[in-house]
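In what follows, a single structure is set out as structure tokens and then discussed.
Protein chains: 2
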Amino acid sequence: MELFKEAGGNCLATYCPWGIHEAVEGVFDFGEKNPQLDLEAFLQTAREVGLYVVCRPGPYQYSELVYNGLPLWLGGNYPEIKGINRRGEFLSDPSSCHQISYLHPVFLEKTKVWLEKISPIIAKHTVHKGGAVAFLQPDNELGGIQLWNGGYDYNPETMGFGNAHGRYPKFLIKKYTSIEAINDIYNASFKDITEVDPRNTETVDIPYLMEKDYFEFYCNHMADYFEFLIDVMETNGIDVPFVHNSANPNMNSNFMETVDRLGDKLLIGSDHYYSLNTHWEQNNPTPQYAVKTLFSNEMLRLMGFPPTIFELPGGSLSDWPPITAQDLDACYLSNIALGMKGHNYYIFTGGPNVKGTGTTSDIYDFSAPIGPDGEIRPTYQTVKDFGLFLQKNEWVVEAERECDLQIAMPWEYTRAKNYDVPCTQLEESADSTWTFVREGLMTTSLCADISPAFCNLNSDDIDLGKPLYVPSCSYLERKSQEQVVELLKKGVTIIMGPTLPMLDELFKPCTIIADYLGLSKEFKIHANTKPARATTGGISNIMNTGAVYLSENIPASARVLGHDENSELPFIWEIPQKNGGRFIMFGMRWFHSMNEHSMMMSSLMARCGVDTVVKTTNANVWTALRTVGDKSMLFIMNLYSSPMETEITIRPSWSDSEIELGHFKLPPMSVETRLLSPSKS
Amino acid sequence: MELFKEAGGNCLATYCPWGIHEAVEGVFDFGEKNPQLDLEAFLQTAREVGLYVVCRPGPYQYSELVYNGLPLWLGGNYPEIKGINRRGEFLSDPSSCHQISYLHPVFLEKTKVWLEKISPIIAKHTVHKGGAVAFLQPDNELGGIQLWNGGYDYNPETMGFGNAHGRYPKFLIKKYTSIEAINDIYNASFKDITEVDPRNTETVDIPYLMEKDYFEFYCNHMADYFEFLIDVMETNGIDVPFVHNSANPNMNSNFMETVDRLGDKLLIGSDHYYSLNTHWEQNNPTPQYAVKTLFSNEMLRLMGFPPTIFELPGGSLSDWPPITAQDLDACYLSNIALGMKGHNYYIFTGGPNVKGTGTTSDIYDFSAPIGPDGEIRPTYQTVKDFGLFLQKNEWVVEAERECDLQIAMPWEYTRAKNYDVPCTQLEESADSTWTFVREGLMTTSLCADISPAFCNLNSDDIDLGKPLYVPSCSYLERKSQEQVVELLKKGVTIIMGPTLPMLDELFKPCTIIADYLGLSKEFKIHANTKPARATTGGISNIMNTGAVYLSENIPASARVLGHDENSELPFIWEIPQKNGGRFIMFGMRWFHSMNEHSMMMSSLMARCGVDTVVKTTNANVWTALRTVGDKSMLFIMNLYSSPMETEITIRPSWSDSEIELGHFKLPPMSVETRLLSPSKS
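Just so you know, the protein sequences line up as chains E and W, in that order.
The first sequence begins at 937 in my numbering and counts up by one.
The second sequence begins at 937 in my numbering and counts up by one.
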């Protein structure tokens, strides 16, 4: 604890594993028998050292414990609580116990007993009572354990299939009002709500829609689960806020319903690992990791939270590939560069597992900065350097990233990969559009010195003076289509791609944008079926690694900005708006790989009047400028194993002119920072 | 060419794209109209500069050409030649042309016309006629284009399904002699051979066996295709040897039948990229890449060839992620460290594509060391440094890697991932065993300073004095089981894992090894179904990331070396043999992630009397020692983005004692070399 404080830390987190404290049903040990389980002594010590604590009483812990920290008797004595996937299989990995169904009544009953026991103990030590406990974390990485062990839960008892008062039927009726409306939307012929079974998607015309609704229901049931846990804890004396960590950036938006329901009461953050073992994509915090970091932080910001990373790697589950001090340094600084405002290390110090409870060995090491015997490892210095950097530059967490291009975050699309029924009705799928936003649009932007930021399309936080990219697959929510029209009326420059939506979220024809633009009934947009030679702004034959959306019969008022030389059809075209804004159809989906992709984006940004905030001479050096008032911190990232060099010029919001910062030489895997303010420049 | 020669090069390769030389059927241009197509001028120039040439006349080229270098008229005018996968779909990627069926008679007819045209032109310039052409390459990365575009070919006309004289029926009859034998093996009831259709695997009891045979047939048909191409070229004057490149290490063993058929006439090599775009696993030549390099070179060596990498990256298809000089340097040196004996760069110089033929842009750049306008890029120096290193140390390509542990290469298992019908009959599948060999056994060995080498179980090249690991899934060929017994009789130490085979290659009971070991009828081996606490040699609770195979009723003569603390059953046990050898059952499949995995392997090697050739103090620094006579080159690899340090001690075959080499500091992504000989040590 002292080493943590010396490293700039102020808040510890600790698990309180149910399976260890209640190893036999009804028999609890909080240190009475085994001193290793003395939670209160731990909390008191933290208080004495002057640290806050996040307590994580579960039910789930994970942390490489047997049964993920649940008591073994739970699955053994109450088999009915097991999670079951769409195909009727138990959620389990072959060599471990079955996972549970979160809202199963028996599981909730046992959980309540546990939380009623531990909550009063923790409650004695909350900050309001002069103790160390500042936050409680219900459960852990909610939903992850199910996804990784067979899929999301369809336990019929929990979900209430076939029961008019069951959760799922009630959800559907609430959403669509009646079985008639449901039949209309699904193009089905259910006699009543009890016949609707999301496991039998072949009973409806567009299984994908039913699956989409089920996932929305699933995310709602996560919010129910949180409500239950928080209610039990509050009823039993917990008077501090709650926090929770999405298992990874790809799961952040599964918590949208939770945010709607619980608001500020539950601060949602994320976990940002770059490697936990050799099956991870990368050994190091690569640029691909930076993209993930960026979209994750942006999602959390849009949810209304200071982007907090509850599991910023302190080490790794695996000894190999190694977690090195240099890699961690680049990881931490790129997270802060890309918007992080709070963090916790997973883990800061290792230690012995309670006998028989660990799965990795009898020591939980995790390559932590402080080893299980208190040994100080080289990564400790990295943690300390980062802590001191943040102490010295506290203002940076208040600062926001300056941006050049706004991307209307496609919330629903980001979850579409969870719908495990394919959709043949859509030429451009929601998931491929979201993949494109990350691997194409954002990655190209970062290579091309265009700083991207997300915004909520249906909100007021849109900067009307900056171009707005609206990602769209073949369908787009009606209200989003309406909002695009509203923004066009306000003079915003809107770029839309990879296609133009002609359907709403229920896959019914919806041509609000097309109609506003005056596109005729003869207008068509479709992906190229033959190789396209895509040419725009003098850049010929741009490698199109995804699809080129070609438009037919665009209006005479439209100006062609890019076309396919083979078919002679346009894929980029513009319709200037009366009030100075413009609508640009940008019909290409790609993943970033060619310089031509950057040139195409740069040329489009220049056309939209964007003069980018930071300019480099090396596409492989990525930058971020965090500014508050007239003070900025420039982060210059080299996330490669080779040295990189670049010239840099910046134009921060507080400066009228460009500032040349000169030549930078960056060692492999390094992030440099430069403090900038009018007086310093 | 002069720059290439200066960089130590002696042999160029060039494509001769059919689609460009015969853009209109029957109309050829070899420079008569378009000087860019003057192949002979190119060959003459090479001769003048003093370089050899590999000519690649196709039919397929790939090289990011439209239709992969085939003439567009081919697919357009002769749709019957298209490849078709098992599900009846054309082999194609959505935005390009359909791929062809290699042995379709119409495709062969058109190919023959093309080869009859170009072969005499090339033949004028072979080395035997004083010209530059030293090798011909038929086709390119055979099979890859089908796999990547929908799967291997099942074109019914080409394969002859339902035709007693068709290729596939003839193959089956040749393999199994009669329809009765086939019915017996497949447990089916076909009336005659024309009823056997590999697309309908549900007609047999073990679809997996039928699929396995189909893949063997497919590899045979690749050999037929090579025979055809080579025959046409030889008939038309080509008098030099032929070469071919497997698309990647995972495809090397698809050429086993080709090697059996063509022997020395066709030198098979491989392609060793570490990144062609952001969808590749790694941006850099990581340790995972080194493992791939190692098994690929070992496969080529066992096939009887000097391991030759025909496409060692000179650049990358994509501009991003970038190919840097430092990464390439580490890539080249780790390839040579791990057994490479010959190489060619893909590509050395870029240039303009013939108008309308490129898919990446109108320039084929590939981030090559020499740009399309002749500009010299930083990677040129890397190529040159490597060339000069090889010139200076020519003896290194004659040297072989010293090894500590022999692994009996599971040839058939390495292809099992191509059988796209799952196999429920096998507890341990062939593919998971092969995955384990790479990700578990080899990776752990490299981390633990144990130098692994492959050997052919059914050959004489086994070193009887070194331990031999024999990978086995639930089945193992009868002749391999017999060979294991033969080797045990010769006193070899055999380690078998992850399981003990109780079936032969036709999934019939076959307990040759078990019988020889005296295992009783009560003996059982099965994967753990509950979490195991695997403990061996004082190492407790080893994380078992795959499966632990537990044995029941082992004989009294067996010594337990490792057991599961939960079930109390052994997973490692040994039966000493009369002649000094031993049989060790090593029932664990893992992927390398924990230090305990290394400790377990080291402890086992020590038990087998192995004193490893190279010892380091850093598991992340991998080494290779190539020795010929009393001269060795030590390669010390740091394939991370962070610096690494280590002490090194070696015991080369020419030295009776250990030699301390002292302390090494390795920069990120670097490979150091050290020349060693008795006089120098």
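Note that beta-carbon positions come from the ideal geometry of N, C-alpha and C, so glycine has one too.
Problem set entry | Pairwise C-alpha distance: E/LEU939 and E/ASN1354 | If you number the first sequence from 1, residue 1354 of chain E lands on position 418. If you number the first sequence from 1, residue 939 of chain E lands on position 3. Between E/ASN1354 and E/LEU939, the C-alpha separation is close to 42 Å.
Problem set entry | Within 9 Å, strictly: CB atoms of E/ILE1272 and E/LEU1326 | Residue numbering aside, residue 1272 of chain E sits at position 336 when the first sequence is read from its first letter. Residue numbering aside, residue 1326 of chain E sits at position 390 when the first sequence is read from its first letter. Yes, the Cβ-Cβ distance between E/ILE1272 and E/LEU1326 is below 9 Å.
Problem set entry | Other residues of its chain near W/GLN972: CB distance less than 7 Å, five sequence neighbours each side excluded | The residue given as residue 972 of chain W occupies position 36 in the second sequence. Closer than 7 Å at the Cβ level, and outside the excluded window around W/GLN972, lie VAL1290.
Problem set entry | Per DSSP, the bridge partner or partners of W/THR1295 | Along the second sequence, read from residue 1 onward, the residue named residue 1295 of chain W stands at position 359. Assignment of beta-bridge partners to W/THR1295 by DSSP yields no partner.
Exercise. Just checking my contact of E/LEU1505 with E/GLU1488 at CB under 8 Å: how many whole Å lie between their CB atoms?
Worked result: Numbered from its first residue, the first sequence carries residue 1505 of chain E at position 569. Numbered from its first residue, the first sequence carries residue 1488 of chain E at position 552. Cβ atoms of E/LEU1505 and E/GLU1488 come within 8 Å of each other, at about 6 Å.
For this session: Report yes if the C-beta distance between W/MET1479 and E/SER1297 is below 9 Å; otherwise report no.
Result: Translated into positions along the second sequence, residue 1479 of chain W becomes position 543. Translated into positions along the first sequence, residue 1297 of chain E becomes position 361. Cβ distance < 9 Å, so W/MET1479 and E/SER1297 count as in contact.
Exercise. When you compare only the Cα positions, how much space is there between W/ASN1091 and E/THR1552?
Worked result: In the second sequence, the residue the question calls residue 1091 of chain W occupies position 155. In the first sequence, the residue the question calls residue 1552 of chain E occupies position 616. Rounded to the nearest whole angstrom, the C-alpha separation of W/ASN1091 and E/THR1552 is 52 Å.
For this session: Would you verify that the beta carbon of E/PHE1527 is, or is not, closer than 9 Å to some beta carbon of chain W?
Result: Residue 1527 of chain E sits at position 591 when you count from the first residue of the first sequence. Look at E/PHE1527: its C-beta is under 9 Å from a C-beta on chain W.
Exercise. Using a beta-carbon distance cut-off of less than 8 Å, what residues from the region 992-1018 of chain W approach chain E?
Worked result: Only those residues of the region 992-1018 of chain W whose C-beta falls short of 8 Å from the nearest C-beta of chain E are listed: VAL1002.
Problem set entry | Where W/GLY1294 meets chain E, residues with beta-carbon distance less than 7 Å | For this step, residue 1294 of chain W is matched to residue 358 along the second sequence. Those are ASN1477, listed as they occur along chain E.
Exercise. Which residues, in chain order, does the region 1562-1586 of chain W contribute to contact with chain E at a C-beta distance below 9 Å?
Worked result: LEU1575, TYR1576, SER1577, SER1578, PRO1579 and MET1580: these are the residues of the region 1562-1586 of chain W whose beta carbon lies less than 9 Å from some beta carbon of chain E, given in chain order.
Exercise. Along chain E, which residues have their Cβ under 8 Å away from the Cβ of W/CYS1383?
Worked result: Taking the second sequence and counting its residues from 1, one reaches residue 1383 of chain W at position 447. When 8 Å is used as the limit between beta carbons, W/CYS1383 is near these residues of chain E: TRP1256, in chain order.
Exercise. When you compare only the Cα positions, how much space is there between W/LEU1486 and W/LEU1362?
Worked result: Counting from one through the second sequence, the residue named residue 1486 of chain W turns up at place 550. Counting from one through the second sequence, the residue named residue 1362 of chain W turns up at place 426. Between W/LEU1486 and W/LEU1362, the C-alpha separation is close to 16 Å.
Problem set entry | Rounded C-alpha distance that separates W/TYR1003 from W/VAL1168 | In the second sequence, counting from the first residue as 1, residue 1003 of chain W sits at position 67. In the second sequence, counting from the first residue as 1, residue 1168 of chain W sits at position 232. Distance between the alpha carbons of W/TYR1003 and W/VAL1168 is about 23 Å.
Exercise. Where does W/PRO1349 sit, in a helix, a strand or coil, going by DSSP?
Worked result: As a working note, residue 1349 of chain W is residue 413 in the second sequence. The sequence shown places Tyr at residue 1349 of chain W, not Pro. DSSP places W/TYR1349 within a helical segment (H, G or I) once states are collapsed to three.
For this session: From the DSSP output, in three-state form, read off E/ILE1036 for me.
Result: Within the first sequence, residue 1036 of chain E is the residue found at index 100, counting from 1. Looking at E/ILE1036 - three-state DSSP - the assignment turns out to be strand.
Problem set entry | Contacts of W/ASN1531 in chain E (Cβ-Cβ under 7 Å) | Reading the second sequence from its first residue, position 595 is the one you call residue 1531 of chain W. By Cβ distance, chain E contributes ASP1255.
For this session: Would you mind stating whether W/HIS1208 and W/PRO1185 have Cβ atoms separated by less than 9 Å?
Result: Residue numbering aside, residue 1208 of chain W sits at position 272 when the second sequence is read from its first letter. Residue numbering aside, residue 1185 of chain W sits at position 249 when the second sequence is read from its first letter. Yes. Within cutoff.
For this session: Could you tell me which of W/ALA1560, W/VAL1421, W/LYS1106 and W/GLU1608 sits nearest to W/ILE1520, measuring between CA atoms?
Result: Locating residue 1520 of chain W in the second sequence gives position 584, where the first residue counts as 1. Distances from the CA of W/ILE1520 to each of W/ALA1560, W/VAL1421, W/LYS1106 and W/GLU1608 were compared; the closest alpha carbon is that of W/VAL1421.
Problem set entry | Sequence-distant residues of the same chain with beta carbon closer than 8 Å to E/GLY1287, five excluded per side | Along the first sequence, one-based indexing puts residue 1287 of chain E at 351. The beta carbon of E/GLY1287 lies closer than 8 Å to those of ILE1299, TYR1300 and PRO1308 in the same chain, with the five residues before and after it left out.
For this session: Closer than 6 Å by C-beta to E/TRP1558: which residues in its own chain qualify, once you throw out the five before and the five after it? Chain order, please.
Result: Translated into the one-based positions of the first sequence, residue 1558 of chain E becomes position 622. Answer for E/TRP1558: LEU1382 and MET1573, listed in chain order.
Problem set entry | E/ALA1389 vs E/CYS1339 beta-carbon contact at 9 Å | Reading the first sequence from its first residue, position 453 is the one you call residue 1389 of chain E. Reading the first sequence from its first residue, position 403 is the one you call residue 1339 of chain E. In this structure, E/CYS1339 lies closer than 9 Å to E/ALA1389 by Cβ.
Exercise. Among W/LEU1212, W/PHE1302 and W/ILE1036, which one has its Cα closest to the Cα of W/GLU1016?
Worked result: As a position in the second sequence, residue 1016 of chain W is number 80, starting the count at 1. Taking only the C-alpha atoms, the option nearest W/GLU1016 is W/ILE1036.
Problem set entry | Buried or exposed (CB count within 10 angstroms, at least 16 for buried), W/HIS1648 | Because chain W spans 937 through 1617 in this model, residue 1648 of chain W falls outside it and cannot be assessed.
Problem set entry | CB contact check: E/PHE1504 to chain W, cutoff 9 Å | For the purposes of this step, residue 1504 of chain E is taken as the residue at position 568 of the first sequence. Sequence inspection shows Glu at residue 1504 of chain E; the Phe mentioned does not correspond to that position. False, the Cβ-Cβ gap to chain W never drops below 9 Å.
Exercise. How about W/SER1615 and W/SER1568: do their beta carbons lie closer than 9 Å?
Worked result: The residue you call residue 1615 of chain W lines up with position 679 of the second sequence. The residue you call residue 1568 of chain W lines up with position 632 of the second sequence. Contact annotation: W/SER1615 and W/SER1568 have beta-carbon atoms that are not nearer than 9 Å.
Problem set entry | Alpha-carbon spacing of E/ASN1515 relative to E/LYS1426, whole angstroms | Counting from 1 along the first sequence, the entry for residue 1515 of chain E is found at position 579. Counting from 1 along the first sequence, the entry for residue 1426 of chain E is found at position 490. Computed Cα separation, rounded: 7 Å.
Problem set entry | When E/VAL1333, E/THR1379 and E/GLU1348 are compared against E/ASN1394, the one with the closest alpha-carbon | To locate residue 1394 of chain E, count along the first sequence from 1; it is residue 458. Taking only the C-alpha atoms, the option nearest E/ASN1394 is E/GLU1348.
For this session: With DSSP as the reference, label W/TRP954 as helix, strand or coil.
Result: In the second sequence, the residue the question calls residue 954 of chain W occupies position 18. W/TRP954 falls in the helix class under three-state DSSP.
Problem set entry | Closest by C-alpha distance to E/CYS1033, when choosing among E/VAL963, E/GLU1000 and E/PHE1097 | As a working note, residue 1033 of chain E is residue 97 in the first sequence. Residue E/GLU1000 is the option with its Cα nearest to E/CYS1033.
For this session: Grab the span of the beta strand (DSSP E) containing W/LYS1567 for me, first residue to last.
Result: Against the second sequence, residue 1567 of chain W aligns to sequence position 631. For W/LYS1567, the enclosing beta strand (DSSP E) begins and ends at 1567-1574.
Exercise. Alpha carbon to alpha carbon, what distance is there between E/TYR1014 and E/ALA959?
Worked result: Along the first sequence, one-based indexing puts residue 959 of chain E at 23. Along the first sequence, one-based indexing puts residue 1014 of chain E at 78. Those two C-alpha atoms are separated by around 15 Å.
Exercise. Just checking, does the region 1084-1099 of chain W make contact with the region 1016-1027 of chain W on the three C-beta pairs under 8 Å criterion?
Worked result: Put simply, the region 1084-1099 of chain W touches the region 1016-1027 of chain W. At least three CB pairs are less than 8 Å apart.
Problem set entry | Interface flag, W/ASP1075 vs chain E, CB-CB below 9 Å | As a first step, residue 1075 of chain W must be located in the second sequence, where it is residue number 139. So no, W/ASP1075 is outside the interface.
Exercise. Contact check, E/ALA1450 vs E/MET1524 under 8 Å by CB: the rounded distance?
Worked result: The sequence position of residue 1450 of chain E within the first sequence is 514, counting from 1. The sequence position of residue 1524 of chain E within the first sequence is 588, counting from 1. Going by Cβ atoms, the distance from E/ALA1450 to E/MET1524 rounds to 19 Å, so no, they are not a contact pair.
Exercise. Using the C-alpha atoms, what's the distance from W/GLY1173 back to W/PRO1624?
Worked result: Lying before the first or after the last residue shown, residue 1624 of chain W is absent from chain W, which here runs from 937 to 1617.
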